[in-house]
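Before any comments, here is the structure.
Protein chains: 2
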Amino acid sequence: MNPISPPKTPNELLERAGLIAGRSLAELAHTQAQSVPDNLLHAKGWVGQLIEQCLGASAGSRAEPDFPELGIELKTIPLNANGSPKETTYVCTVPLNEPATSWETCWLRQKLNQVLWLPIEAAAELPVAQRRVGSAILTQLSREQDVQLKQDWHEHMELIATGRIDEICAHHGTYLQIRPKAANHKALRETTDADGRTIKTLPRGFYLRTTFTADILARHYL
Amino acid sequence: MNPISPPKTPNELLERAGLIAGRSLAELAHTQAQSVPDNLLHAKGWVGQLIEQCLGASAGSRAEPDFPELGIELKTIPLNANGSPKETTYVCTVPLNEPATSWETCWLRQKLNQVLWLPIEAAAELPVAQRRVGSAILTQLSREQDVQLKQDWHEHMELIATGRIDEICAHHGTYLQIRPKAANHKALRETTDADGRTIKTLPRGFYLRTTFTADILARHYL
DNA sequence: AGGGATCCATGATTGGATCCCA
DNA sequence: TGGGATCCAATCATGGATCCCT
Chain L
814 MNPISPPKTP NELLERAGLI AGRSLAELAH TQAQSVPDNL LHAKGWVGQL IEQCLGASAG
874 SRAEPDFPEL GIELKTIPLN ANGSPKETTY VCTVPLNEPA TSWETCWLRQ KLNQVLWLPI
934 EAAAELPVAQ RRVGSAILTQ LSREQDVQLK QDWHEHMELI ATGRIDEICA HHGTYLQIRP
994 KAANHKALRE TTDADGRTIK TLPRGFYLRT TFTADILARH YL
Chain D
814 MNPISPPKTP NELLERAGLI AGRSLAELAH TQAQSVPDNL LHAKGWVGQL IEQCLGASAG
874 SRAEPDFPEL GIELKTIPLN ANGSPKETTY VCTVPLNEPA TSWETCWLRQ KLNQVLWLPI
934 EAAAELPVAQ RRVGSAILTQ LSREQDVQLK QDWHEHMELI ATGRIDEICA HHGTYLQIRP
994 KAANHKALRE TTDADGRTIK TLPRGFYLRT TFTADILARH YL
């Protein structure tokens, strides 16, 4: 299949999202000449990448939102049988050995500034092929959310900047947590500890807690 | 031991509570010439009744608060290792076959109108004898709590009044739930179903969810 | 290695069942 | 039976571990 060209306007993106709303993953996979995996154990990112293709996101880009011309990031939200987010949402990797940035200019905030959220049915008992796409929600980070995330981010970055990254566990952060993001727990990266020594640590990522994404859904469907 | 006379004023009650704050159940049991059970499996109400004796509550009374002269009810709150309520709090039995009452006059609200809450250490790994009594909290039902409970109570009573009590399960109610309150699940009482037929149903009780009591503790220690 | 994420063992919660006393 | 409650099996939630693609 030919890759679909990027949408030129937010409205065009929303129109495309409207066209896939309510359709099953089997239907969408067919339009992309793809087969549907029986389960996601060995295809964890499959749904997200399928949706990217359907909407014309520029795949594999780095240091750019999924729709660079629009400054819009795409995030799928897997829903449990109850219609609530089933998983936390990965945002980006945690910078190590990087020069300090401010909240206002950090990559995390840029990614979350404008997001097209796409809820996807994901109850364990529902076969992957039968799962349907919900209706998309285009958001801009609200003042309140900005403050909430800024606070968590600062606490995390303070620990990282002082070489105490290994003290961070997933319990930290009200809305934004830091968790491993690696091939496995033996995949190590170098960084600097509190005494200035080079140590190896697990690569981490920033994740939005389900309470945060649940709130986005709730506000929209209110 | 002589039973202690009822406190004559709220201040006297609070003074007595102050005297037992920080003391272990072993110490308190000793003052009442009681032995401490190794565990509460066969003595589930033991702690509550011990505290009643220590404070001079008129035991075994019906249709009256624990301290009738003061209009004050006594409730112990078992705390887990984290200092949060470990269990829901039983309030009173659910009326069956009773004439309808209003929220303003119902027995539940009268009991909760003024309560002396007594937190008690109750982490599973802490031997009963070593558990200590916390500092007492005397509360009046706030406007907000009154509204919260009224709403739950009305929903419950509506189902009961229309003979649909067997549809009520512990998931109902934001702050106030209804659960079995019986010797065992074979203990049945008669009531009337939606079609006016006499049926047998489990006796039930009203229970406050731990979120409700946790909030009381939080407000006090704020 | 960064971007797309879910898996799943283990801990926390819960609510139906149960226990003693007067 | 009403009042004093806790027990504990089953379910839910969580967060450390892991997987594919480019």
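For the protein sequence lines, the chains are L and D, in the order given.
Those letters in the first sequence? Residues 814 to 1035, by the working numbering.
Those letters in the second sequence? Residues 814 to 1035, by the working numbering.
All residues carry an ideal CB built from backbone N, CA and C; glycine is no exception.
Since the model is a prediction, treat every value here as computed from it, not as a measurement.
Between the alpha carbons of residue i and residue j, how many angstroms are there, rounded?
{"i": "residue 947 of chain L", "j": "residue 934 of chain L", "result": "7 Å"}
{"i": "residue 989 of chain L", "j": "residue 916 of chain L", "result": "13 Å"}
{"i": "residue 977 of chain D", "j": "residue 909 of chain D", "result": "11 Å"}
{"i": "residue 932 of chain L", "j": "residue 837 of chain L", "result": "12 Å"}
{"i": "residue 973 of chain L", "j": "residue 843 of chain D", "result": "54 Å"}
{"i": "residue 1026 of chain D", "j": "residue 1035 of chain D", "result": "14 Å"}
{"i": "residue 912 of chain L", "j": "residue 970 of chain L", "result": "11 Å"}
{"i": "residue 892 of chain D", "j": "residue 1018 of chain L", "result": "35 Å"}
{"i": "residue 1003 of chain D", "j": "residue 856 of chain D", "result": "28 Å"}
{"i": "residue 814 of chain L", "j": "residue 875 of chain L", "result": "The predicted position of residue 814 of chain L is uncertain, since its pLDDT is 42 and thus under 50; no value can be drawn from it."}
{"i": "residue 845 of chain L", "j": "residue 899 of chain L", "result": "26 Å"}
{"i": "residue 823 of chain D", "j": "residue 987 of chain D", "result": "31 Å"}
{"i": "residue 982 of chain L", "j": "residue 867 of chain D", "result": "45 Å"}
{"i": "residue 848 of chain D", "j": "residue 995 of chain D", "result": "26 Å"}
{"i": "residue 1024 of chain L", "j": "residue 914 of chain L", "result": "27 Å"}
{"i": "residue 852 of chain D", "j": "residue 1032 of chain D", "result": "31 Å"}
{"i": "residue 963 of chain L", "j": "residue 964 of chain D", "result": "37 Å"}
{"i": "residue 850 of chain L", "j": "residue 968 of chain L", "result": "40 Å"}
{"i": "residue 825 of chain D", "j": "residue 1005 of chain D", "result": "46 Å"}
{"i": "residue 839 of chain D", "j": "residue 871 of chain D", "result": "22 Å"}
Does DSSP put residue i in a helix, in a strand, or in coil?
{"i": "residue 950 of chain L", "result": "strand"}
{"i": "residue 973 of chain D", "result": "helix"}
{"i": "residue 886 of chain L", "result": "strand"}
{"i": "residue 928 of chain D", "result": "strand"}
{"i": "residue 939 of chain D", "result": "coil"}
{"i": "residue 901 of chain L", "result": "coil"}
{"i": "residue 1021 of chain L", "result": "strand"}
{"i": "residue 814 of chain D", "result": "With a pLDDT of only 42 at residue 814 of chain D, under 50, the local geometry of the prediction cannot be trusted, and the value read off the model is given with reservation. If DSSP states are grouped into helix, strand and coil, residue 814 of chain D belongs with coil."}
{"i": "residue 875 of chain D", "result": "coil"}
{"i": "residue 891 of chain L", "result": "strand"}
{"i": "residue 914 of chain L", "result": "coil"}
{"i": "residue 1026 of chain D", "result": "helix"}
{"i": "residue 944 of chain L", "result": "coil"}
{"i": "residue 832 of chain D", "result": "helix"}
Is the beta carbon of residue i less than 8 Å from the beta carbon of residue j?
{"i": "residue 878 of chain D", "j": "residue 886 of chain D", "result": "yes"}
{"i": "residue 869 of chain D", "j": "residue 817 of chain D", "result": "yes"}
{"i": "residue 820 of chain L", "j": "residue 880 of chain L", "result": "yes"}
{"i": "residue 854 of chain D", "j": "residue 949 of chain D", "result": "no"}
{"i": "residue 890 of chain L", "j": "residue 906 of chain L", "result": "no"}
{"i": "residue 985 of chain L", "j": "residue 991 of chain L", "result": "yes"}
{"i": "residue 945 of chain D", "j": "residue 835 of chain D", "result": "yes"}
{"i": "residue 927 of chain D", "j": "residue 943 of chain D", "result": "no"}
{"i": "residue 929 of chain D", "j": "residue 830 of chain D", "result": "yes"}
{"i": "residue 919 of chain D", "j": "residue 966 of chain D", "result": "yes"}
Measuring alpha carbon to alpha carbon, tell me which of the options ends up nearest residue i.
{"i": "residue 888 of chain L", "options": "L:1028, L:951, L:844, L:906", "result": "L:951"}
{"i": "residue 862 of chain D", "options": "D:841, D:964, D:893", "result": "D:841"}
{"i": "residue 883 of chain D", "options": "D:900, D:845, D:923", "result": "D:923"}
{"i": "residue 997 of chain L", "options": "L:957, L:1020, L:1015, L:851", "result": "L:1015"}
{"i": "residue 960 of chain L", "options": "L:858, L:894, L:925", "result": "L:925"}
{"i": "residue 1029 of chain L", "options": "L:846, L:1013, L:958, L:987", "result": "L:958"}
{"i": "residue 938 of chain L", "options": "L:850, L:894, L:860, L:849", "result": "L:894"}
{"i": "residue 1020 of chain D", "options": "D:860, D:993, D:1001, D:1008", "result": "D:993"}
{"i": "residue 936 of chain D", "options": "D:822, D:896, D:858, D:845", "result": "D:896"}
{"i": "residue 1000 of chain D", "options": "D:1006, D:966, D:1013, D:1008", "result": "D:1013"}
{"i": "residue 1010 of chain D", "options": "D:975, D:849, D:995", "result": "D:975"}
{"i": "residue 1042 of chain D", "options": "D:1032, D:1024, D:979, D:1022", "result": "Outside the shown range of chain D, which is 814 to 1035, sits residue 1042 of chain D, and nothing can be said about it."}
{"i": "residue 1022 of chain L", "options": "L:850, L:839, L:904", "result": "L:904"}
Would you say the beta carbon of residue i comes nearer than 7 Å to a heavy atom of the ligand SAH?
{"i": "residue 886 of chain D", "result": "Ligands are entirely absent from the displayed structure, and the ligand SAH is therefore not among its contents."}
List, from N- to C-terminal side, the alpha helix (DSSP H) runs of 4 residues or more that fit wholly inside the stretch 836-873 of chain D. Within the stretch 836-873 of chain D, the alpha helix (DSSP H) runs of at least 4 residues that lie entirely inside it are, in chain order, 838-844, 859-868.
Entirely enclosed beta strand (DSSP E) segments - the stretch 975-1013 of chain L, minimum 3 residues: Taking only runs of at least 3 residues, the beta strand (DSSP E) segments lying wholly in the stretch 975-1013 of chain L are 989-993, 1002-1005.
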